[in-house]
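Right, one structure below, let's go through it.
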Amino acid sequence: MHLLPLPMPAKIAPPAVGELTMQVTALRQGRVQYSVRGRHVRGTFVVVPDVMKDGTVLPSAVTVQYGQGDGPVGDYYSTPRPDEPVVYNVRVHGWTEAINPDDPPSGYFLGPYATGLRDNGIRRALTFGVRRRTEEVVRGILQHWTSLPHRQDLVRAAARPMAAELAEHEAALASGQEREVERLQEERRQARARINVLNGILRRRLPAVRQADPAPVRVPLVDGTDAPLGVLTVREVAVNEVIPGSVVYEVAGARLHGRVTVSRDHFRPLPLPQGLRVTYGHVRTNSPFTHKHDHEPSINGVVIGGIWDRETSSGITPTAPADLPAHARTGVRARMSASPPTGRRASAMLRAVALRYLARSDVEGLRLAAAKDAAPGLLTETRDALRELRAAQACAEKAAAHHRERECQYRQLAGTVPANVPAVADRLKGAA
25 MHLLPLPMPA KIAPPAVGEL TMQVTALRQG RVQYSVRGRH VRGTFVVVPD
75 VMKDGTVLPS AVTVQYGQGD GPVGDYYSTP RPDEPVVYNV RVHGWTEAIN
125 PDDPPSGYFL GPYATGLRDN GIRRALTFGV RRRTEEVVRG ILQHWTSLPH
175 RQDLVRAAAR PMAAELAEHE AALASGQERE VERLQEERRQ ARARINVLNG
225 ILRRRLPAVR QADPAPVRVP LVDGTDAPLG VLTVREVAVN EVIPGSVVYE
275 VAGARLHGRV TVSRDHFRPL PLPQGLRVTY GHVRTNSPFT HKHDHEPSIN
325 GVVIGGIWDR ETSSGITPTA PADLPAHART GVRARMSASP PTGRRASAML
375 RAVALRYLAR SDVEGLRLAA AKDAAPGLLT ETRDALRELR AAQACAEKAA
425 AHHRERECQY RQLAGTVPAN VPAVADRLKG AA
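The sequence shown begins at 25 in the numbering used here and counts up one residue at a time.
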């Protein structure tokens, strides 16, 4: 690789500064040192191509370092470098980073790390005049740097030392995106399977559902310790009235009377609902925001409201679960916990009506009715989710290909792979 020859002279004439003579020297790792001399400006400026993670493979921006030295730019944050520029009797210390050399800003771009450094080590902000003249000098130097015949060789020399490290960085990012692609593919597979199940539910013929049986049935009540609480009389009032798959029961017993509605838990997004929802009162709307229902049961002289929501219908016995929700009604939206005796009787009543519901011969028909009611909405949601997953997978595949391509470019720059690397698309296809 050919770099600049030994120190070569050059001249620039920045506005408001006058003519400056320079000795231009190529340093290692693509740095170029400008030793500037003029009537009001003298010192060294070093142009350093910026090599950054997640930046361009070949640096497109540069840092201008004030003073000599080829160590990291930030090493001399508070101590002076050799031959720092003196602009109109002010020593300019620090550096200016992230400059586009092909189109440097017109002003106010030196940044916070370019300061004046006094002999006693105190750093001060540059005055307006010194800052403006320093910017003119920097622009003139960058104009000369962009015209160098071996500029691309300098940029490559700057990028090469970190190429292997950055290749590993890009490989890690690509691997992460490829794992994301695999995850999204699995989620898409699950979504398609869910759509098939929902379509199957909609195509299934609903079996006959038995109408409400008004004949009263006497059921023994026991608490969680199997202690008797009397006898509960249960009578069916309505089936599939408002909520598909629901049954409204009228209950009466010692210190207890009212109605409860038992339905499948249709608020959990399962193709076939698995749980139960028992609501105090006669539910006449399918809105989840109704806070009070007709004929809420009175237990021990206290009106009880609320719901018992269970994820699964298994595990319900006359004694379990022992303690179930029971809240005394104090207003339309106001409730308080019921007393322990009232809570025990309410829990026993909820378990009894839930078991009556599950003992129906058409319980699977009620379950299918609830599933058919929820299926259209779930189908729309799943199709929307599938579209989002498809778009997310396309973005992840694009990002993975981008990082693999950058990895190959960095490895070529580091000399660790031949120039004819495999096609990025083929590598991504093999990884997925």
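Glycine included, C-beta positions come from ideal geometry on N, C-alpha and C.
*When the Cβ atoms of the segment 213 to 225 are set against those of the segment 394 to 406, are three or more pairs found closer than 8 Å?*
yes
*asked:* In this structure, how does DSSP classify Ile328 when only helix, strand and coil are distinguished?
replied: strand
*Going along the chain, which residues of its own chain have a beta-carbon closer than 6 Å to the beta-carbon of Pro73, five neighbours each way excluded?*
Gly54, Pro83, Val86, Val179 and Ala182
*asked:* Quick check on the burial criterion: 16 or more other C-beta atoms within 10 angstroms. Buried or exposed for Ala420?
replied: buried
*asked:* Quick check on the DSSP output: what are the complete alpha helix (DSSP H) runs of length 4 or more inside the segment 151 to 209, in order along the chain?
replied: 152 to 170 and 175 to 183
*Looking at C-alpha atoms only, which residue of Leu294, Val284, Asp289 and Val258 is the closest neighbour of Arg308?*
Val284
_Quick check: the Cα distance between Leu150 and Glu211, rounded to an integer number of angstroms?_
58 Å
*Are the CB atoms of Val258 and Pro252 nearer to each other than 9 Å?*
no
*With 9 Å as the threshold, decide whether the Cβ of Arg180 is near any Cβ in chain D.*
Among the chains in the structure shown there is no chain D, since it carries only a single protein chain.
*Can the beta-carbon of Pro321 be found less than 9 Å from the beta-carbon of Trp332?*
no
*Would you check if the segment 336 to 352 and the segment 265 to 277 touch, i.e. whether three or more CB-CB distances between them fall below 8 Å?*
no
*Could you round the C-beta distance between Tyr132 and Trp119 to whole angstroms and report it? I think they count as a contact, below 8 Å.*
About 16 Å; that fails the 8 Å criterion.
*Measure the C-alpha to C-alpha separation of Ile340 and Arg368 and round it to an integer number of angstroms.*
15 Å
_Please classify Asp318 as buried or exposed, where buried requires at least 16 other C-beta atoms within 10 Å of its C-beta._
exposed
_Contacting residues, own chain, Cβ-Cβ under 6 Å from His64 (five flanking each side not counted)_ = Tyr112
_Secondary structure of Ile36, DSSP reduced to three states_ = strand
*Tell me the start and end of each unbroken alpha helix (DSSP H) in the segment 363 to 438 that is at least 4 residues and wholly inside, in chain order.*
364 to 382 and 387 to 438
*Work out the CA separation of Val255 and Ser338 for me, nearest whole Å.*
24 Å
*Measure the Cβ-Cβ separation of Ala383 and Gly269 and say whether it is below 9 Å.*
no
*asked:* Considering Cα atoms alone, identify which of Arg156, Leu197 and Met373 is closest to Thr346.
replied: Reading off the sequence shown, one finds Ala at residue 346, where the question assumed Thr. The shortest Cα separation from Ala346 among Arg156, Leu197 and Met373 belongs to Met373.
*From the DSSP output, in three-state form, read off Asp233 for me.*
Per the sequence shown, residue 233 should be read as Val rather than Asp. It is coil, neither helix nor strand.
_Alpha-carbon to alpha-carbon, Pro38 and Thr80_ = 30 Å
_Short of 6 Å in beta carbon distance, which residues of its chain neighbour Arg234, apart from the five on each side in sequence? Order them along the chain._
Asp386
*Use the C-beta contact count for Phe69: other C-beta atoms within 10 angstroms, 16 or more gives buried, fewer gives exposed.*
buried
*Nearest residue (CA-CA) to Pro238, options Asn310, Glu260 and Arg334*: Glu260
*Beta-carbon separation (whole angstroms), Arg288 vs Leu390, contact threshold 8 Å*: 7 Å
*What whole-angstrom Cβ distance do Gly93 and Pro106 have, given they're in contact under 8 Å?*
7 Å
*Is Ala198 closer than 9 Å to Glu388 when the C-beta atoms are compared?*
no
*Below 8 Å on the Cβ atoms is my guess for Arg66 versus Val110; work out the distance and round it to an integer in Å.*
6 Å
*Exposed or buried, what is Pro128 when buried is set at 16 or more other beta-carbons lying within 10 Å of its beta-carbon?*
buried
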